[in-house]
Amino acid sequence: MPNPSAFTDKEINVIKEWVHEGGSLFLIADHMPMAGAAEDLGAAFDFEFTNGFVLDTARRGPAIFKIEDGTLIKSGITEGRNSKESVEQVASFTGQAIKLPSDATPILSFSKGYVNLLPDTAWVFDQTTRIQSAEGWSQGAYKKYGKGRVVVSGEAAMFTAQLAGPNKTKMGMSNQIAPENYQLLLNIVHWLDGKLE
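Going by this note's numbering, the first residue of the sequence shown is number 77, and it counts up by one from there.
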């Protein structure tokens, strides 16, 4: 900290007007410092980004969101255009928590046990790090804005296919625990391009 905006007020206003007039925005803002850099842009569409790191206190590793337990929310995006596009479970890899406006539809919702760590410096956690419950907050959502559409995500790796570190660990859509992440991404793109309602 401080973690300034990556966008000027003028740039934010241009994007806001473009979406209002029919543009489609997929805003991905991962954990600190990306969340802080995109905070003002998210706020322009009434999404409140938290410049932190969300972790599950009950288990280590990626977060698992499921239709079955209500953490992956049943919606047009998770149901897709037909049963072949339906998504039952996805995984995310850290990221931030987002407080949603009343006109947004959640995609991913944190359950009890998730906490939001809010350090002063990225990846530096100690006894002074602020901690807040993330229960009920979101890591992904969507809404219409004027003639346009907005999807926000508080996590980026889940929409990538990568090999991480010296051991080339499969991350994102390449990870064995995330076989449906690619379908969620396709459904998001199809909602943004108007093929999915």
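Cβ atoms here follow ideal geometry from the backbone N, Cα and C, with glycine treated the same way.
Q: Determine the contact status of Val130 and Gly171, defining contact as a CB-CB distance below 7 Å.
A: yes
Q. If you run the structure through DSSP and keep just helix, strand and coil, what is Ile88?
A. helix
Q) Got a sec, what are the start and stop residues for the beta strand (DSSP E) Asp132 sits in? A) Phe129 to Asp132
Q. Smallest Cα separation from Lys150: which of Ala217, Ala254 and Leu239?
A. Ala217
**Q.** One or two residues paired with Gly137 in a DSSP bridge
**A.** Bridge partners of Gly137: none, in fact.
Q) Just curious, the beta strand (DSSP E) that Thr154 is in, first and last residue? A) Note, Thr154: premise wrong, no beta strand (DSSP E); alpha helix (DSSP H) at Gly152 to Glu155.
Q. Between Ala57 and Ile253, which are expected to be in contact by the criterion C-beta below 8 Å, what is the C-beta distance as a whole number of angstroms?
A. Residue coverage of the chain in this structure runs from 77 to 273, which leaves residue 57 outside it and unanswerable.
Q. In three-state DSSP terms, what is Ala119?
A. helix
Q: Verify whether the separation of the beta carbon atoms of Ala180 and Asn192 is less than 7 Å.
A: no
Q: Tell me Gln238's beta-bridge partners as DSSP assigns them.
A: Met247
Q) If you drop the 5 nearest sequence neighbours on each side, which residues of the same chain put their C-beta closer than 6 Å to that of Gly98? A) Lys223 and Gly224
Q. For Asp106, does the count of other Cβ atoms within 10 angstroms reach 16, so buried, or fall short, so exposed?
A. buried
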